[in-house]
Every structure is written in structure tokens, then in C-alpha cells.
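The structure appears below as C-alpha cells.
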Ligand SMILES: Nc1ncnc2c1ncn2[C@@H]1O[C@H](COP(=O)(O)OP(=O)(O)OP(=O)(O)O)[C@@H](O)[C@H]1O
Ligand SMILES: [Mg+2]
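Residue numbers (full-length UniProt numbering), protein chains in the order written: chain L, 1 to 288; chain X, 1 to 324.
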């Protein structure tokens with residue numbers, strides 16, 4: 001944490017009061033820097049807490065000293081240029097990737113390489129992928145029922161009820177008995193969201209959920225995500241949909257070369273980015 | 001089915017140049033053999049007189065008639081719908097085969113007399129040995145495939161040594177090694193169990209590779225989705241990966257099982273009373289080799305055909321999520 005970073009954080013908190021009222025909760029970035037202060041809630045409130053996370057692929061350093069805290073009900077958008085480590089970071093949160101340095105706590109539980117622990121964490125973390133990754137040999141309904149039935153031991157009738165509830169939630173209950181290939185991309189992604197919701201996770205991770213979709217299907221998925229956010233779901237989204245970020249995010253995190261370069265509320269992020277790299281990125285992404 | 005183009009093209013067998021070249025080819029082939037002495041030559045007697053005396057004229061006439069019949073046949077078949085075409089061609093080929101076997105002057109009563117015993121003893125043993133081996137081979141293959149894909153050096157080494165060894169040795173030698181070699185270690189097993197053991201190990205080695213390839217053909221994303229929901233390794237393999245790998249696995253597995261059904265004849269060297277063993281022991285003393293060998297061949301064929309039907313059923317069943 002450099003001095004400028006802290007300045008920036010304080011500036012953020014000070015100038016932000018008008019925005020803060022509109023959001024569920026507004027928390028200073030990098031609990032790390034402010035951990036000594038009184039307003040930090042109990043750790044039970046922290047859904048994800050990553051401290052000094054570093055990761056290497058072979059000799060290539062994909063993440064460098066990443067610190068990030070996600071609190072209950074927060075919506076975080078991560079953006080950054082291709083190859084900046086966004087996917088790597090959120091995949092560390094449910095240990096699809098292993099970080100070599102630093103600690104990640106999810107729901108207060110320290111992630112380490114023990115199977116029990118990892119499975120326990122994964123039950124609490126929903127993940128939505130760029131390419132949906134629905135199970136093609138199962139119906140939409142079964143895709144949603146499988147998780148609760150097979151690992152939570154929920155009886156079939158109840159699992160079906162839950163599945164239908166969440167399919168309703170993403171507004172495709174009528175597709176329940178189809179197979180994934182029979183759905184459009186947007187519908188498949190909404191099923192993928194419903195499948196994760198069926199596990200009733202504490203946090204949802206989205207890794208570029210709309211970037212494999214045709215433009216007209218992007219909005220239906222974004223609407224689903226927005227309504228989830230409105231209902232207070234804790235979310236971490238990697239996305240380049242800046243409209244969504246502006247409307248929904250409590251905080252936007254900008255990454256470059258495996259580091260968090262900038263962390264700000266949407267208003268500051270778009271109107272007054274502190275770092276040259278962020279400005280360049282924004283000018284590129286907003287120019288078209 | 002191959003990709004079906006929506007552009008209609010003229011039926012190949014209705015194109016003059018194609019029919020003409022088929023005609024020429026059949027004529028040439030028929031001319032090469034002297035068919036005057038065959039049953040077909042006999043049929044032509046009203047036209048060419050005594051076939052054996054007809055000389056070059058008879059030979060050309062016979063070849064000409066054959067070529068005309070052949071061409072009329074394929075042109076007519078060209079008009080039929082797909083299923084009828086398949087049926088007719090199968091029936092014609094079967095008839096030709098029967099005609100071929102008929103030329104051996106087989107002693108049919110001898111066959112009918114021994115057929116029941118061939119079936120009750122031979123076929124039952126063959127099916128028993130094959131089916132049991134099939135089950136063991138599948139189990140072995142599944143375990144070995146996972147071992148080969150694992151990051152555990154010990155498991156990988158065991159599995160790759162196993163596949164290398166049992167794919168590398170002739171099955172016949174494996175059978176002898178197990179039957180004659182194991183007693184050296186103080187383990188005496190009977191002929192049937194050692195046959196089953198040899199077959200299971202050998203076929204399991206081939207199937208290991210089939211399973212491995214099938215599992216590897218599934219996109220990483222499926223693993224990631226499954227694991228991120230919280231499914232463990234076993235659940236992911238059983239419920240997510242294998243069901244998707246089956247369409248890829250089933251055709252080569254059908255191949256392997258059909259090959260195994262016939263390779264089970266090798267256990268006859270141990271004196272197991274299966275189909276090939278019986279066919280030989282019944283045929284030899286009475287000098288009815290051909291009768292028994294052809295009967296056994298037909299029975300093997302029928303059994304394989306059953307496996308083929310089973311395979312296509314299974315393929316159909318597991319392909320249903322692919323239909324759009
Ligand atoms: N399995 C891997 N092995 C080696 N290098 C990898 C691997 N996965 C990712 N990387 C590297 O790590 C860096 C970060 O990758 P990551 O996928 O997290 O980027 P990203 O920010 O998600 O990019 P994009 O926007 O293109 O998805 C990249 O430079 C990439 O080349
Ligand atoms: Mg990515």
C-alpha cells in the first residue's frame with residue numbers, strides 16, 4: 001500500500017457521500033489499509049477476504065500481491081485488459097486455481113488444499129462461466145437439481161421445487177425440460193445462473209458471463225444479473241459491460257499485469273480515474 | 001450419417017457413364033473366369049447349348065448376361081427408398097454367400113445333427129467366457145484409465161506398464177502364460193478361469209486407452225463447472241464426465257467386444273469346450289471340417305451381429321442430448 005493509494009481511498013470516502021446513500025453498503029477499499037479503524041465490521045460480514053495473494057503459472061507471475069475484501073451484499077466489478085489476471089483472481093476464490101502466496105478466506109474459512117475444505121467452500125460460492133458449461137446430457141431442470149440433490153442430499157421433490165423457483169427467477173421456467181443445446185446462448189447463461197443459485201451460495205462469481213453472447217442476448221443476461229444485485233446478492237463480476245458496472249457496482253476494480261491498479265466507486269472510476277493506465281483503458285473501452 | 005447436403009444431385013447409379021463403366025467392369029471380370037462349368041452356366045443351357053462345349057461364345061454370353069443382370073439390378077435399386085435399398089442389398093449379398101457355401105456341397109444333415117450340441121455347450125461357454133471377461137475388462141479399464149490420467153506417479157506407472165505389457169503380447173501367449181505360468185508360482189487355476197483372466201486383462205488394456213481418450217475428449221469446462229458446484233471427483237466422473245464420454249467410447253468399445261468374442265476362440269487351446277473347440281473336435285474325426293467350421297463361423301457372425309445391434313441401440317440412446 002503506497003501513500004497515494006491511501007490518499008486515494010480517503011478521498012474516495014470523503015467525496016462519496018452522495019453516492020453512498022443509493023447503495024446497500026459502502027465500504028472503504030482494501031480492508032488491509034484500514035484494518036485498524038473502528039468501522040470495520042466483524043469478519044462474519046466478510047464473504048471473501050484475499051490478502052497478499054500471488055500466483056505463478058510456471059515462472060510467469062499472473063497475480064501480484066492482490067488484496068481484496070468482499071462484504072456481504074457488495075457488488076464488485078473487476079475489469080482490465082486481456083491477460084491482466086481477472087479470471088485467475090476470481091478462479092482463486094473457489095480454488096479452481098491455487099494461489100502460491102497469500103491467504104484467501106471465504107465465509108471466514110481459510111482456503112487450503114484439503115479436499116473437504118475446498119468442497120465446503122465451493123458449496124458456498126456460485127460460479128458462472130463465459131461459456132456457460134451447462135451439462136449437455138441433462139435437462140435444464142436436472143442441471144439445476146443435480147447440485148442440491150447429490151451433495152446437499154435434498155430430496156428430489158424439494159430440489160425440483162427449488163430449481164423451478166430459480167428458473168422462474170431467471171425467467172425461463174418453460175424451458176425446464178429441454179436440453180441445453182436446444183436453448184439460445186442467453187437462455188443457457190441464465191440457466192447457468194439458476195444452476196448456481198440453486199445451491200444458495202453466499203457469493204456469486206461471474207467470469208465474463210456475456211462475452212460469448214450475441215449483442216441482443218447480452219441484455220437479458222445483464223438484466224438477470226441486475227435483478228440479482230437488487231435483491232442483495234453478493235457478487236463479483238469480471239465484465240467489460242461498463243453500463244452494468246456503472247449501474248450496479250459498489251466498487252470497480254481495475255487490474256493490470258496481475259495487480260489491482262485502481263479501486264473506486266463507479267462515479268469516481270469513470271469520471272475521475274487516478275491512474276494513467278485506467279484512463280487509457282477507459283478511453284479504449286468507451287470509445288466504441 | 002455424414003453431413004447431408006441439401007443440394008440434390010442425380011442418383012449415381014442412374015448416370016449413363018456410371019452404368020456403362022460398371023457394365024464394362026463386370027463384363028471384364030466375368031470374362032476372366034470361365035463360368036461355363038458353374039450352376040449359372042447350366043441355367044444358360046437353352047441359349048448356349050451344353051455349357052462345356054459352348055467355347056468362347058458361351059463364355060461371352062454368360063458374362064454378358066451377368067453384366068446385364070448386375071446393371072439392371074443396381075439401376076432398379078437406385079429407385080428404391082433408403083431403407084428398402086439397404087434391405088435389398090443385404091438380402092442379395094446374403095444369397096450370394098449362401099450360394100458360395102452351397103458350392104462346398106455341405107452335408108446338411110450332419111450340421112443339423114450337431115447344431116444343438118454346438119449351441120448348448122459351445123455357444124453357451126463362449127458367451128459365458130466373453131460376457132464375464134467383458135465385465136471384468138470394463139472394470140479394469142475404468143480403473144486403469146483414471147490411473148493413467150492421474151498425477152500419481154505410482155498409479156500412472158502401474159497402469160502404463162499394464163497396458164504396454166498386455167497390448168504388446170500376443171493373446172495366445174498370454175493365455176499360455178497364465179495357464180502354465182501361474183502354477184509355477186503355486187497358483188493353480190482351471191482352464192475357464194485362466195481363459196477369462198487372460199481375456200479380461202488383454203481386452204482391459206485396449207479398453208483402458210478407449211476410456212482414457214473418451215474422458216480426455218470432454219471439455220475442461222465440464223470439470224470446472226462440476227467441481228465449482230462442489231461435486232467431488234467420483235461424482236464428477238460418474239455423473240458428468242462418463243455419460244458424456246459414452247457416445248465417444250461406445251463405437252470403439254463395440255469393436256473391442258466383437259473382437260473379444262472371436263478372440264475367445266483362443267481359449268480353446270486350453271481345452272475349454274467353447275464353440276471353436278467343439279467345431280474342431282466334432283469335425284475332425286468324421287472329416288466334416290468344412291461343415292463344422294462354417295457353422296461355427298455363422299454362429300460367431302450372428303453373435304457379433306447381436307453386439308452390433310446392441311451397440312447401435314446404445315449409441316442411439318446416448319446421442320439423444322445431441323439432437324437439436
Ligand atoms: N493455465 C495457464 N498456464 C499458463 N499461463 C496462464 C494460464 N492461465 C492464464 N495464464 C496467463 O495468466 C495471465 C492472466 O490470465 P487470465 O486468464 O487471468 O487473464 P484475464 O484477465 O482473464 O484475460 P481475459 O480478459 O482475456 O479473459 C495471462 O497472461 C495468461 O496468459
Ligand atoms: Mg478471463
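A virtual CB, placed ideally from N, CA and C, is assigned to each residue, including glycine.
These numbers were taken from a predicted model, which means no experiment stands behind them.
Compare the beta carbon distance of residue i and residue j with 8 Å and say whether it is the shorter of the two.
i	j	result
residue 251 of chain L	residue 272 of chain L	no
residue 233 of chain X	residue 145 of chain X	no
residue 114 of chain X	residue 294 of chain X	no
residue 104 of chain L	residue 50 of chain L	yes
residue 78 of chain L	residue 230 of chain X	no
residue 303 of chain X	residue 215 of chain X	no
residue 21 of chain X	residue 36 of chain X	no
residue 64 of chain L	residue 46 of chain L	no
residue 236 of chain L	residue 93 of chain L	yes
residue 316 of chain X	residue 110 of chain X	no
residue 117 of chain L	residue 53 of chain L	no
residue 208 of chain L	residue 239 of chain L	yes
residue 88 of chain L	residue 101 of chain L	no
residue 186 of chain L	residue 228 of chain L	no
residue 241 of chain X	residue 222 of chain X	yes
residue 291 of chain X	residue 105 of chain X	no
residue 210 of chain L	residue 203 of chain L	no
residue 172 of chain L	residue 154 of chain L	no
Can you pull the DSSP bridge partners for residue i?
i	result
residue 262 of chain L	L/254
residue 50 of chain L	L/68 and L/104
residue 206 of chain L	L/128 and L/237
residue 60 of chain L	L/57
residue 110 of chain L	L/105
residue 246 of chain L	Residue 246 of chain L is not bridged to any residue.
residue 75 of chain L	L/235
Interface residues of chain X around residue i at Cβ under 9 Å?
i	result
residue 129 of chain L	221, 224, 225 and 228
residue 147 of chain L	229, 230 and 231
residue 289 of chain L	The requested residue 289 of chain L does not occur in the structure, where chain L is confined to residues 1 to 288.
residue 88 of chain L	Those do not exist, as residue 88 of chain L stays about 13 Å from chain X at its closest Cβ, beyond 9 Å.
residue 69 of chain L	Here the premise fails: no neighbours, minimum Cβ distance about 21 Å.
residue 119 of chain L	227, 230, 231 and 232
At 8 Å on the CB atoms, spell out the chain X contacts of residue i, in chain order.
i	result
residue 93 of chain L	Ordered by position in chain X, no residue passes the 8 Å Cβ test against residue 93 of chain L, which lies about 10 Å from the chain.
residue 96 of chain L	224, 227 and 228
residue 199 of chain L	229 and 230
Can you tell which of the options has its C-alpha closest to the C-alpha of residue i?
i	options	result
residue 267 of chain L	L/188, L/277 and L/244	L/244
residue 14 of chain X	X/80, X/133, X/304 and X/137	X/80
residue 177 of chain L	L/165, L/221, L/139 and L/275	L/139
residue 95 of chain L	L/213, L/278, L/205 and L/132	L/205
residue 284 of chain L	L/274, L/261 and L/242	L/242
residue 261 of chain X	X/305, X/186, X/314 and X/285	X/305
residue 253 of chain L	L/86, L/61 and L/72	L/86
residue 200 of chain X	X/162, X/122 and X/107	X/162
residue 56 of chain X	X/34, X/291 and X/128	X/34
residue 57 of chain L	L/223, L/76, L/74 and L/83	L/83
residue 62 of chain X	X/28, X/86 and X/76	X/28
residue 201 of chain L	L/76, L/106 and L/143	L/106
residue 312 of chain X	X/77, X/158, X/7 and X/246	X/246
residue 48 of chain L	L/122, L/261 and L/215	L/122
residue 10 of chain X	X/75, X/143 and X/51	X/75
List the residues of chain L that residue i touches, going by C-beta distances under 8 Å, in chain order.
i	result
residue 235 of chain X	150 and 151
residue 170 of chain X	The contacting residues do not exist; residue 170 of chain X stays about 39 Å from chain L at best.
Counting only Cβ pairs nearer than 7 Å, list the residues of chain L close to residue i.
i	result
residue 311 of chain X	Going along chain L, no residue has its Cβ under 7 Å from residue 311 of chain X, so there is no contact; the nearest lies around 19 Å.
residue 244 of chain X	136 and 137
residue 240 of chain X	135
Could you tell me whether the segment 253-266 of chain X touches the segment 59-67 of chain X, using the rule of 3 or more Cβ pairs below 8 Å? Under the 8 Å Cβ criterion, the segment 253-266 of chain X does not count as touching the segment 59-67 of chain X, having fewer than three qualifying pairs.
Cβ contact check for the segment 156-176 of chain X and the segment 190-210 of chain X: 3 or more pairs under 8 Å: Counting C-beta pairs closer than 8 Å gives three or more between the segment 156-176 of chain X and the segment 190-210 of chain X, which meets the contact rule.
Evaluate contact between the segment 123-141 of chain L and the segment 188-196 of chain L, counting only Cβ atoms and requiring at least three cross-stretch pairs below 8 Å. Output reads yes: the segment 188-196 of chain L touches the segment 123-141 of chain L.
Members of the segment 167-184 of chain L near chain C, C-beta cut-off 7 Å: The structure shown has no chain C; the protein chains it does contain are L and X.
Evaluate contact between the segment 260-273 of chain X and the segment 173-190 of chain X, counting only Cβ atoms and requiring at least three cross-stretch pairs below 8 Å. With the cut-off at 8 Å, the segment 260-273 of chain X and the segment 173-190 of chain X touch.
Contact between the segment 133-148 of chain L and the segment 159-179 of chain L is defined here as three or more beta-carbon pairs at a separation below 8 Å; is this criterion met? Yes, they touch.
Would you check if the segment 18-32 of chain X and the segment 69-76 of chain X touch, i.e. whether three or more CB-CB distances between them fall below 8 Å? These segments touch.
Are three or more beta carbon pairs between the segment 275-284 of chain L and the segment 253-263 of chain L nearer than 8 Å? They touch, by the three-pair rule.
For the segment 120-136 of chain X against the segment 184-200 of chain X, do three or more pairs of beta-carbon atoms, one drawn from each stretch, fall closer than 8 Å, so that the two count as touching? With the rule of 3 Cβ pairs closer than 8 Å, the segment 120-136 of chain X counts as touching the segment 184-200 of chain X.
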